[in-house]
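Chains as they are written, first to last, in full-length UniProt numbering: chain Z, 1 to 525; chain F, 1 to 525. The beta carbon of each residue, even a glycine, is placed where N, CA and C say it ideally should be.
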């Protein structure tokens, strides 16, 4: 173990005051809920759990101090703080009753289906407190979907006599938690299912969940790097850095990192889509900025690009759909493209055209996630600058930050937030709730003032088409173009284009002044 | 400014005890020196400064407390701590005499030639203490080579009445400092020239200079990322990460990061060259490891690759030389390749063949630095695994860490080391030395016990052919395959291949226990 690893083991996350005495708290009902859309259909699919009330933690007499048996599973991509949800859950269960057990399902939801688990002990957990990664029990992307998978999960839950199952995951995994909750009630199984909102992408947000865990640490880690690169650009004065950031469905990470580092140019997918921008229009605006900077002798810059940009550009979406249709056929060629799509295709640099034509999945579909958007943009910029007879210099350097930010040591914020989420999950199970999501509120306030609620997962759902089928899903939270965070960005960004207002956040600090050890995400503050 | 930026401004680097009272110290001579090679030729080129003694700081009566006028220049790529050399230099000059002046030459050595400078003030420097980057005065890669450039530099030095000029740079820049020192003496100019050893690559090392500044911070920043990725690999268990690290001429960074993070496989260019390994041989060994891991169900891994690997592979060097010859000619083609080079070429994946054929500089030369070695290796591995009918899974993810580590906030070690180097430079000038390199010794000891010496730069030189011409140069320090650091790596690496011994250093910490705030590079300890 490294010295910092050892040190972090002994960090004790603060707790909200309301969680001080687990025996003197309970939940109060705050009125029935309904789905955010397709209410009838959601109710039909969740007859047992639909419409349950929002609940709020309050002082009172909590459930009996009986031993509880609880399972926990990590689902999907890593996010800093996962281990702390587990330690918070474990500590709360042991406090509720020392004979409680926490079973960790191994390798993600498939661990539930296949009954692969480990009875977690204090000794084992002692090495994972405030540590990054999901390696204590691993994670996976299996979805519990088939009747057989549900039946096997039920068997395992019964065999282990689980009072509860905590699913730590993103929107899909929480939907899965709600489906399991419903199924278990239906089959007369006592196992309560609780979801915990995890995802670095930040697209699991709603009226109550200000942010999913892992977002803070990931953005701070990316911002450390972006700040370093910006300071390098400002010193060397000869490179334009195109930095792609993880986050396919939404651009929250790009927005947060923009607010933290104030780069020269930032693309927000949701804005591109709202304005129905073409790739050419996006490029032209960016090129204008580079050209104007060049005229001032600033042959350098920092540009942030969300990973999912391409899927927000309406014409690119259409082009990809057409290519998927055409190229899936034997002997299919791009001859069949519609006129607008042909124009879009012709505008792309050769390298990207090749990627679109050659890099296809087994179904013949274009592999959108493989398209190097940062390269695409820099190639387009370069070609256009040449056309414009640009007199400055343009040297592009490409970066992609993603995996670097998922398994870091959790920031103090994420460590604390996750530990509380774990405690709340234990309490929801003790109080007999199922199909609920653990939620900690008032995150802008000091930890002591944080509140605790439980949200019926069905209240976050609507129906959407996924892989050709109508499914109940938790609506993904996109960047709100009318929200405070985007407005602040939109107000300031013009200033960042020509002048340099780079900010250098530096590496995450764990000790020292709270102004840099305990900062919360900018999009919250 | 970010909160951490503000906090770092007030950090006060410790000083070696010997530097406590600048008025009570001087340098003692420790015997004449000679060049490490081509002694006669080096002496011929440096008739005035050759053979001067190594000098060591000692208690005694130092030079008079007269005001000094000194210029400072940053040369070459960014390295964390550059600003601290300047503040250390400034503070020492002001302590020597409050009416001393420090002139910062702007944008690198061209600032000297063109007389572009700024008279640095305490107020200005106050915002750069312990900060990353070189943006206070910028940097550049101009070499002072032509007679005209020398003459113009002399004019500027005379006009400013400089007592000294401090050149902060790598091996080439320090060579340049020695040339300037010689030239100034020759022309009867009083300006003393002092070099300061900077480079994140770590290839400016010798018997006295344990490490150049910037190396520590860069390696810690890369190791933070590598550790994060390793923890992610261990959690997701489905990706093999190919991580390329900056450092073309030597593999010190890869070695240091290997010792810090203990990945599954690390390539060291110097070893590849010493063993005369072919690309195929390198790939085979790596593939064996991946195959054996796959058999144990470990479909993941972390591999470090030094940026300069390709230039260490003898057959690749030959291939590139032949391609440069063939393709520079009008209508040249690869038909003319020798049989061994043809074989090497055919072994390369299509993408890399294309890069070699198409991506050429204005002289028709292959752009070696553009070759994506991490991609090359993963493509070769993938193809070979297919041939071997590999039953496991292989998903490669590529990373390149370079610019992220050059302009970070300097670690406490680099901040302290650089501040001392700045003070030493002022003292060398006060004492009238020229053509010397500032050097702080005993870096393994507590700061208080650090020693101070001055090294005649000519003693680090030999003659080498650069761009077809014999030139006096400081020999680049390569990884010593018989040294302690490499031996430790060689002893442990087999263990890392199949078992996972990943270490997670985490982000650089500035406050807390010295075990993680003040660690020195592993290759030193």
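Item to check | Bridge-paired residues (DSSP) for residue 156 (chain F) | outcome: In the second chain, residue 156 (chain F) corresponds to position 156, counting from 1. In the DSSP output, where bridge partners are listed per residue, residue 156 (chain F) has none listed.
Next on the checklist: With a threshold of 9 angstroms between beta-carbons, can residue 301 (chain F) be considered close to chain Z, or not?
Outcome noted: Numbered from 1 along the second chain, position 301 holds the residue referred to as residue 301 (chain F). No, because no Cβ of chain Z sits closer than 9 angstroms to the Cβ of residue 301 (chain F).
Next on the checklist: For the stretch 389 to 402 of chain Z against the stretch 325 to 345 of chain Z, do three or more pairs of beta-carbon atoms, one drawn from each stretch, fall closer than 8 angstroms, so that the two count as touching?
Outcome noted: Cβ pair count under 8 angstroms is below three, so no.
Next on the checklist: Contact between the stretch 192 to 199 of chain F and the stretch 163 to 174 of chain F is defined here as three or more beta-carbon pairs at a separation below 8 angstroms; is this criterion met?
Outcome noted: yes
Item to check | 6 angstroms Cβ shell around residue 142 (chain F) - same chain, five flanking residues per side excluded | outcome: Here residue 142 (chain F) refers to the residue found at position 142 when the second chain is read from its first residue. Hits under 6 angstroms: 108, 109 and 110.
Checklist entry - Name the chain F residues whose beta carbon is nearer than 7 angstroms to that of residue 135 (chain Z)? => result The count along the first chain starts at 1 and reaches residue 135 (chain Z) at position 135. Ordered by position in chain F, the residues that pass the 7 angstroms Cβ test against residue 135 (chain Z) are 231, 234 and 235.
Next on the checklist: Determine whether the beta carbon atoms of residue 81 (chain F) and residue 349 (chain F) lie at a separation below 9 angstroms.
Outcome noted: The sequence position of residue 81 (chain F) within the second chain is 81, counting from 1. The sequence position of residue 349 (chain F) within the second chain is 349, counting from 1. Contact: no.
Next on the checklist: Bridge partners for residue 245 (chain F) per DSSP, in chain order?
Outcome noted: Counted from its first residue, the second chain places residue 245 (chain F) at position 245. Paired residues: F:306 and F:401.
Item to check | the stretch 242 to 259 of chain Z / the stretch 300 to 310 of chain Z touching (three or more Cβ pairs under 8 angstroms) | outcome: Contact between the stretch 242 to 259 of chain Z and the stretch 300 to 310 of chain Z is present, because at least three Cβ pairs lie under 8 angstroms.
Checklist entry - Which whole runs of the alpha helix (DSSP H) in the stretch 161 to 236 of chain Z are 4 residues long or more, in chain order? => result Fully enclosed alpha helix (DSSP H) runs of 4 or longer: 171 to 186 and 215 to 236.
Checklist entry - So, helix, strand or coil for residue 363 (chain F), using DSSP? => result As a working note, residue 363 (chain F) is residue 363 in the second chain. Correct three-state label for residue 363 (chain F): coil.
Checklist entry - Taking Cβ positions, are residue 509 (chain F) and residue 509 (chain Z) nearer each other than 9 angstroms? => result Within the second chain, numbered from 1, the residue matching residue 509 (chain F) stands at position 509. Within the first chain, numbered from 1, the residue matching residue 509 (chain Z) stands at position 509. In this structure, residue 509 (chain Z) lies closer than 9 angstroms to residue 509 (chain F) by Cβ.
Checklist entry - Can you find at least 3 beta carbon pairs, one from the stretch 336 to 344 of chain F and one from the stretch 287 to 297 of chain F, that sit closer than 8 angstroms? => result no
Checklist entry - Along the chain, which unbroken stretches of the alpha helix (DSSP H) at least 4 residues long are found entirely within the stretch 308 to 355 of chain F? => result 309 to 312, 314 to 328 and 339 to 347
Item to check | residue 489 (chain Z) (DSSP reduced to helix, strand or coil) | outcome: Locating residue 489 (chain Z) in the first chain gives position 489, counting from the first residue. DSSP places residue 489 (chain Z) in helix when its eight states are reduced to three.
Checklist entry - Less than 9 angstroms separating the beta-carbons of residue 362 (chain Z) and residue 302 (chain Z)? => result In the first chain, residue 362 (chain Z) corresponds to position 362, counting from 1. In the first chain, residue 302 (chain Z) corresponds to position 302, counting from 1. Result no, Cβ atoms of residue 362 (chain Z) and residue 302 (chain Z) do not sit closer than 9 angstroms.
Item to check | Chain-ordered chain Z contacts of residue 515 (chain F) [CB-CB under 7 angstroms] | outcome: The residue given as residue 515 (chain F) occupies position 515 in the second chain. Near residue 515 (chain F) (Cβ distances below 7 angstroms), the residues of chain Z are 3.
Item to check | Under 7 angstroms by beta carbon: chain F residues contacting residue 408 (chain Z) | outcome: Locating residue 408 (chain Z) in the first chain gives position 408, where the first residue counts as 1. Contact of residue 408 (chain Z) with chain F by beta-carbon distance below 7 angstroms involves 228.
Next on the checklist: Using the three-state DSSP reduction, which class does residue 126 (chain Z) fall into: helix, strand or coil?
Outcome noted: As a working note, residue 126 (chain Z) is residue 126 in the first chain. Residue state, collapsed to three classes: coil.
Next on the checklist: Going by beta-carbon coordinates alone, are residue 319 (chain Z) and residue 360 (chain Z) separated by less than 9 angstroms?
Outcome noted: Translated into the one-based positions of the first chain, residue 319 (chain Z) becomes position 319. Translated into the one-based positions of the first chain, residue 360 (chain Z) becomes position 360. It is not a contact, given that the beta carbons lie outside the stated cut-off.
Checklist entry - Roughly how many angstroms separate the alpha carbons of residue 118 (chain Z) and residue 13 (chain Z), rounded to a whole number? => result Looking up residue 118 (chain Z) in the first chain gives position 118. Looking up residue 13 (chain Z) in the first chain gives position 13. Whole-angstrom Cα-Cα distance: 25 angstroms.
Checklist entry - Shorter than 9 angstroms from the beta carbon of residue 8 (chain F) to some beta carbon of chain Z? => result The residue given as residue 8 (chain F) occupies position 8 in the second chain. Interface annotation, residue 8 (chain F): in contact with chain Z, CB-CB separation under 9 angstroms.
Next on the checklist: By the DSSP assignment, the beta strand (DSSP E) with residue 45 (chain Z) in it spans what residues?
Outcome noted: Within the first chain, numbered from 1, the residue matching residue 45 (chain Z) stands at position 45. Segment 39 to 45 is the alpha helix (DSSP H) holding residue 45 (chain Z); no beta strand (DSSP E) there.
Item to check | residue 57 (chain Z) versus Z:450, Z:368 and Z:219, residue with shortest Cα-Cα distance | outcome: The residue given as residue 57 (chain Z) occupies position 57 in the first chain. The residue with the shortest Cα to Cα distance from residue 57 (chain Z) is Z:450.
Checklist entry - Would you call residue 224 (chain F) buried or exposed, if buried means 16 or more other Cβ atoms sit within 10 Å of its Cβ? => result Here residue 224 (chain F) is taken as the residue at index 224 of the second chain, counted from 1. Answer is buried; the Cβ neighbour count reaches 16.
Checklist entry - DSSP state of residue 114 (chain F), grouped into three classes? => result Residue mapping note: residue 114 (chain F) aligns to position 114 of the second chain, counting from 1. Reduced to three states, the DSSP call for residue 114 (chain F) is coil.
Checklist entry - What does residue 139 (chain Z) reach in chain F if we use C-beta pairs closer than 9 angstroms? => result Walking along the first chain from the start, residue 139 (chain Z) turns up at place 139. Those are 235, 236 and 237, listed as they occur along chain F.
Checklist entry - Would you say residue 75 (chain Z) and residue 139 (chain Z) are within 9 angstroms of each other, going by their C-beta atoms? => result Taking the first residue of the first chain as 1, we reach residue 75 (chain Z) at position 75. Taking the first residue of the first chain as 1, we reach residue 139 (chain Z) at position 139. Yes.
Next on the checklist: So with CB distances below 7 angstroms, who are the chain Z contacts of residue 508 (chain F)?
Outcome noted: The sequence position of residue 508 (chain F) within the second chain is 508, counting from 1. Correct list: 507.
Checklist entry - Which term fits residue 207 (chain F), buried or exposed, when burial requires 16 or more other beta carbons within 10 angstroms of its beta carbon? => result Taking the first residue of the second chain as position 1, residue 207 (chain F) is located at position 207. So residue 207 (chain F) counts as exposed.
Checklist entry - Comparing alpha-carbon positions, which option in F:283, F:479 and F:475 lies nearest residue 252 (chain F)? => result Numbered from 1 along the second chain, position 252 holds the residue referred to as residue 252 (chain F). Measuring from the Cα of residue 252 (chain F), the nearest candidate turns out to be F:479.
Checklist entry - If we call anything under 9 angstroms between Cβ atoms a contact, is residue 204 (chain Z) one with residue 71 (chain Z)? => result As a first step, residue 204 (chain Z) is located in the first chain; it is residue number 204 there, counting from the start. As a first step, residue 71 (chain Z) is located in the first chain; it is residue number 71 there, counting from the start. The answer is no: Cβ separation not under 9 angstroms.
Item to check | Contacts around residue 276 (chain Z), its chain only, beta-carbon distance under 7 angstroms, and the 5 residues preceding and following it disregarded | outcome: The residue you call residue 276 (chain Z) lines up with position 276 of the first chain. Once the five neighbours on either side are set aside, the close Cβ partners of residue 276 (chain Z) are 314.
Checklist entry - residue 78 (chain Z) versus chain F: which residues are under 7 angstroms apart at the beta carbon? => result One-based indexing of the first chain puts residue 78 (chain Z) at position 78. Those within 7 angstroms of residue 78 (chain Z) in chain F are 232, 235 and 236.
Checklist entry - When we look at the beta-carbon of residue 127 (chain Z) and count the other beta-carbons within 10 Å, is it buried (16 or more) or exposed? => result Start at 1 with the first residue of the first chain, and residue 127 (chain Z) comes out as number 127. Label assigned to residue 127 (chain Z): exposed.
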